[in-house]
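Trainee: Take a look at the following structure, please.
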Amino acid sequence: MKQIILLLMNKQLCRQFRIYNPYMDSLSDIIASMVLLSTEEYLS
Numbered sequence: 035m036k037q038i039i040l041l042l043m044n045k046q047l048c049r050q051f052r053i054y055n056p057y058m059d060s061l062s063d064i065i066a067s068m069v070l071l072s073t074e075e076y077l078s
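With the numbering used here applied, the sequence shown covers 35 to 78.
This is the structure:
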């Protein structure tokens, strides 16, 4: 659960620095969506 929170925090950080590194933002979006999918599978 801690890892999910860290990933979401990282996603927010990447959003702030999107101007400097758009690749990192899209990468974090992919990771976050993967985490959300695995979380939904885990909860169901």
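The beta-carbon is built from N, C-alpha and C at its ideal position, and this holds for glycine as well. Owing to the predicted nature of the structure, the values given are computational and were not obtained by experimental measurement.
(1) Counting only the same chain and skipping the five closest in sequence on each side, list residues whose C-beta sits under 6 Å from that of L40.
(2) Can you find the residues in the same chain that come closer than 8 Å, C-beta to C-beta, to Q37, ignoring five residues on each side of it along the sequence?
(3) Measure the beta-carbon distance from K45 to S60 and round it to whole angstroms, keeping in mind my assumption that it falls under 8 Å.
(4) Straight-line CA distance for A66 to E75?
Mentor: Short version:
(1) none
(2) V69
(3) About 11 Å; that fails the 8 Å criterion.
(4) 14 Å
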